[in-house]
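Contents: one structure, followed by commentary.
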């Protein structure tokens, strides 16, 4: 007989079996009665000899069916009935799970997009980056990720000599004013070597890649658009390849459009890609290190081989060019590491934190299950007595818990979708541009797989313990109700353990978020070294055709500064070659007069070109000497420098800097420059970074065509943007105000602040959620135990226990759990907070104040949670309590 | 415990005894139970109920077949009969069992001397 036929004829088969067994019993009874037994005795004897009728029937049926699936279906049917019968329980459980799973899935979507998803290049694991490190930089591990530049001649030598790479390519950030697509507007761009896209393995979606001959200064001017800019700025024009645009003062033909999926985080905001069109110094000077280099390992080469080969090339370059390369070290970092390096620790800490939330949610639901399981003991005893095997009971409870988990998972997925978009929306565009992979954070197969695993994990976690417990209890106990008065027992002990774990987990989270809050406060309270209030910053780029020489730029600067200063609400205008606090900027090698150095081993420090009034407008304190002055530091005056305190401390070791002389070593034509002033340190590299030694030169003697202005305002800095733009247009309608931001905005968007504030808020919310869940757990357990001890409490009160004794009794129970939880939590936190070391600033991972204050707060909240049931216990009416029994 | 006693029968023993009994004469469930008990001189305390799952297994494997009939006490009962496949199966099982028994006996005899 085939299976299918069996399946359809089974109803009849089952009926046959029942009828047959019935007949068997009747026949037996009849025979026994015939032998002289009473009917009643005969019936029970017949059953005794037959054994368990239900179990026999079930076993008989099991022979026929695909029992696993059928049991499952019946478990599900029964479970659904039970869950619908207790909507309150089900809703609380589902919501708790949904919160836990939703938060985890949302964070996982982001973690996946950032850390797990392969980069959208061909064989991305073979892509590496190269950087040259100077002796002062090597050592600090994270510097190799911050620093990323090489000199062009060195790059050419690597390309020529290094066989371990299939290709090496360089790029550099750039910005243009774009004409020919609506209003003239500043756009971000990048210059690359012509093999840049082919090294990544990316082909334009329209048109072609760069070709040889386009990367020389005199070559044809061409550009490739990013997909986004093609759509936004050119309306997705299908004939875009025939169009010519104007970038600054150059006419450029568009030769291609990049695919929509293309991203390159290090220049994430670049809309227009052009071939490198550098000349002069940048091409020839080996000591000018400005170009980040990426590379693709050759098919048969390993990273180790490549690094070894690079080391030998580096050694030979150092021998050949001691002045430039003597102290240079070449470091290779995988492209992925460089791209996600900064967000990786943040994400991993968040992922860990949210994992704790899920564990606490599980513990809470498990608690609910245990309480409910206690209420269902009778049901299970009856089912067991009727012949349900232990396996069936366990699978029944697991089916229920998995169904709850699945419902929580579905709701959680909705929460996660919403949460993920919130997570991404909270990232400012300027930062999102450099983490383009985060835009990709949404539900995909990997996220769904994670969700499924989380659902099964939670379902099994909170379903299994009660299931095992219930089925263990069943054998020894009879159908009678357990005695009401006892508060002990395995079940309560397990629930106590769960509450202890919840308290411990939430304490860890709270301590983590406490440390984050302290770090954030430390960063925000750090004195940047200047007055950041009422300050507007923006940039202006002077194209070389209209402003070919330094005097042209100086003339523009003078006129623009005068116009700006005359605006109402403007208190001062100054300029710098770098926008403060952005971490950008150039550095230079120098020697101090009277401190001989080995060739190539000169010191190197930051260099900034500032307007004469920069220090006074920024309110950077003058520590010694004088500021730059119009007359003493004019274009033709002797060359002077101002240094900051960090510089004086680092290189003069306590000697008086004023009057000391230094010389730059990049050119033999350089003369000694005298130090005329010392100013306070500014947190130029970022609010969480140490003060860096910095040299200042007067703008009049070291002029740039890209000028960053800072405007001190009387009122709101944002309100002068319009007038500043109008003033600029009045001087030259071709010029554009680039990236006007208030200093407050710059601070808020700087990685040092944002990469702290963001996880601080998140971990804070996780910790709050954890605390609430843990307190619900504690409250629930204490209330339950009070209700179980009503009789005991009644007797105690009847025997003369005072209200405060009862209070002490109940609170004592809560306190025991809380103290245990706090002890375990503190111990765990000692280890766990070490993992978030890299996110902390100005606070130790073991900060005793945070540890203690968080523990005290948690203890206080726990007391409140226990007080409610304690008050109820106090009001126990002894008469009623005793009658209740 | 009864449960354990029943488990002491090796797997397939019950089926073998059922087949042997039915081969002699087609029987319905109750009669089969009584027959096995009596034949074993009540040495085997088989739970009567356990016959039924075993019969269901044999039915499923098509080693026996069942037809509704009337018992001596005038009840509608299912009468079980060994099929050709069942007879062959029984032969195989019995010879296997005898070999096993012989083996066990030898080992036990050796142990005594």
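Residue numbers (our numbering), protein chains in the order written: chain A, 1 to 885; chain B, 1001 to 1113.
All C-beta atoms, glycine included, are put in the ideal place defined by N, C-alpha and C.
Please tell me whether residue 51/A has its Cβ less than 8 Å away from any Cβ of chain B. Taking the first residue of the first chain as position 1, residue 51/A is located at position 51. True, the Cβ-Cβ gap to chain B drops below 8 Å.
In whole angstroms, what is the alpha-carbon distance linking residue 78/A and residue 1052/B? Numbered from 1 along the first chain, position 78 holds the residue referred to as residue 78/A. Numbered from 1 along the second chain, position 52 holds the residue referred to as residue 1052/B. Here the C-alpha atom of residue 78/A lies approximately 27 Å from the C-alpha atom of residue 1052/B.
Residue 767/A: first and last residue of the uninterrupted alpha helix (DSSP H) it sits in: In the first chain, residue 767/A corresponds to position 767, counting from 1. 751-788 is the span of the alpha helix (DSSP H), which, as asked, contains residue 767/A.
Would residue 737/A and residue 597/A be called neighbours here (beta carbons separated by less than 8 Å)? Mapped onto the first chain, residue 737/A falls at position 737. Mapped onto the first chain, residue 597/A falls at position 597. Their beta carbons are not under 8 Å apart, which means residue 737/A does not touch residue 597/A by this criterion.
Length at least 4, wholly inside the region 781-867 of chain A: the alpha helix (DSSP H) runs in chain order: 790-798 and 803-832
Below 7 Å CB to CB, which residues in the same chain sit around residue 633/A once its five sequence neighbours on both sides are set aside? The count along the first chain starts at 1 and reaches residue 633/A at position 633. Answer for residue 633/A: 612, 640, 698, 700 and 701, listed in chain order.
In chain order, what residues of the same chain have a beta carbon less than 6 Å from the beta carbon of residue 923/A, not counting five sequence neighbours either side? With chain A covering 1 to 885 only, the question about residue 923/A has no answer from this structure.
For residue 162/A and residue 276/A, what's the separation of their Cα atoms in angstroms? By one-based count along the first chain, residue 162/A stands at place 162. By one-based count along the first chain, residue 276/A stands at place 276. For residue 162/A and residue 276/A, the distance between alpha carbons rounds to 22 Å.
Using beta carbons (cut-off 8 Å, strictly below), is residue 1056/B in contact with chain A? Locating residue 1056/B in the second chain gives position 56, where the first residue counts as 1. It does: the Cβ of residue 1056/B has a partner Cβ on chain A nearer than 8 Å.
If you check the beta carbons only, do residue 1093/B and residue 1016/B fall under 8 Å apart? Taking the second chain and counting its residues from 1, one reaches residue 1093/B at position 93. Taking the second chain and counting its residues from 1, one reaches residue 1016/B at position 16. Their beta carbons are under 8 Å apart, which means residue 1093/B touches residue 1016/B by this criterion.
For residue 332/A, which beta-bridge partners are listed by DSSP? Here residue 332/A refers to the residue found at position 332 when the first chain is read from its first residue. Paired residue(s): 130/A.
Indicate whether at least one CB of chain A lies closer than 8 Å to the CB of residue 1102/B. Taking the second chain and counting its residues from 1, the one referred to as residue 1102/B is at position 102. Not one chain A Cβ lies under 8 Å of residue 1102/B.
Can you give, in chain order, each stretch of the beta strand (DSSP E) that sits fully within the region 34-67 of chain A and has at least 3 residues? none
With a threshold of 6 Å on Cβ separation, who are the neighbours of residue 287/A within its own chain once the five nearest residues in sequence on each side are excluded? Here residue 287/A refers to the residue found at position 287 of the first chain. The residues are 324 and 666.
Can you tell me whether residue 362/A is helix, strand or coil according to DSSP? Here residue 362/A is taken as the residue at index 362 of the first chain, counted from 1. In this structure, residue 362/A counts as helix in the three-state DSSP scheme.
Own chain residues within Cβ distance below 6 Å of residue 618/A, not counting five before or after: Here residue 618/A refers to the residue found at position 618 when the first chain is read from its first residue. Once the five neighbours on either side are set aside, the close Cβ partners of residue 618/A are 530.
Evaluate residue 364/A with the Cβ neighbour count: other Cβ atoms within 10 Å of its Cβ, from every protein chain shown; 16 or more gives buried, anything less gives exposed. Position 364 of the first chain, counted from the first residue, corresponds to residue 364/A. Classification of residue 364/A: buried, given that the 10 Å Cβ count is 16 or more.
Kindly list, in the order they appear in chain B, the residues whose Cβ is closer than 7 Å to that of residue 21/A. Here residue 21/A is taken as the residue at index 21 of the first chain, counted from 1. Neighbours of residue 21/A on chain B, chain order: 1052.
Taking Cβ-Cβ distances shorter than 7 Å, what residues in chain A pair up with residue 1065/B? As a first step, residue 1065/B must be located in the second chain, where it is residue number 65. By Cβ distance, chain A contributes nothing, its closest Cβ being about 10 Å from residue 1065/B, past 7 Å.
From the DSSP output, read off the bridge partner residues of residue 18/A. In the first chain, the residue the question calls residue 18/A occupies position 18. According to DSSP, residue 18/A bridges with nothing at all.
Residues within the region 373-388 of chain A neighbouring chain B, beta-carbon criterion of under 8 Å: none
Would residue 1081/B pass as an interface residue toward chain A - the criterion being a Cβ-Cβ separation below 8 Å? Residue mapping note: residue 1081/B aligns to position 81 of the second chain, counting from 1. With 8 Å as the cut-off, residue 1081/B does not count as an interface residue toward chain A.
Exposure of residue 580/A, with buried meaning 16 or more beta-carbon neighbours within 10 Å: Stepping through the first chain from its first residue, residue 580/A is reached at position 580. The residue is buried, with at least 16 neighbouring Cβ atoms inside 10 Å.
Could you tell me whether any Cβ in chain D is nearer than 8 Å to the Cβ of residue 40/A? Of the chains in the structure shown, none is chain D; the protein chains are A and B.
On the three-pair Cβ rule with 8 Å, is the region 433-449 of chain A touching the region 112-124 of chain A? yes
Near residue 786/A, which residues of its chain fall below 7 Å by C-beta distance, leaving aside the five closest residues on each side in sequence? As a working mapping, residue 786/A is identified with position 786 in the first chain. So the list reads 810, 869, 872 and 873, once near-sequence residues are dropped.
DSSP puts residue 706/A in a beta bridge; with which residues? The residue labelled residue 706/A in the question sits at position 706 within the first chain. 541/A.
For residue 592/A, the residue or residues it bridges with in DSSP: Here residue 592/A refers to the residue found at position 592 of the first chain. Paired residues: 662/A.
Between the region 1016-1045 of chain B and chain A, which residues of the former have a C-beta closer than 7 Å to a C-beta of the latter? 1029 and 1030
Buried versus exposed call for residue 64/A [16 or more other C-beta atoms within 10 Å across all chains shown]: The residue labelled residue 64/A in the question sits at position 64 within the first chain. Under this definition residue 64/A is a buried residue.
Considering Cα atoms alone, identify which of 175/A, 718/A, 511/A and 504/A is closest to residue 570/A. Your numbering for residue 570/A matches position 570 in the first chain. Measuring from the Cα of residue 570/A, the nearest candidate turns out to be 718/A.
Where does residue 1014/B fall in DSSP's three states? Counting from one through the second chain, the residue named residue 1014/B turns up at place 14. Residue 1014/B: helix per DSSP, three-state reduction.
Helix, strand or coil at residue 287/A according to DSSP, with G and I counted as helix: Counting from 1 along the first chain, the entry for residue 287/A is found at position 287. Reduced to three states, the DSSP call for residue 287/A is coil.
Could you check if residue 73/A is buried or exposed, using at least 16 other CB atoms within 10 Å of its CB as the buried criterion? Position 73 of the first chain, counted from the first residue, corresponds to residue 73/A. Under this definition residue 73/A is an exposed residue.
By Cβ distance, which residues of its chain are closer than 8 Å to residue 844/A, with the 5 residues on each side in sequence left out? Working through the first chain from its first residue, we reach residue 844/A at position 844. Here the set comprises nothing.
Between the beta-carbon of residue 452/A and the beta-carbon of residue 105/A, is there less than 8 Å? Indexing the first chain from 1 puts residue 452/A at position 452. Indexing the first chain from 1 puts residue 105/A at position 105. No, these two residues do not count as a Cβ contact at 8 Å.
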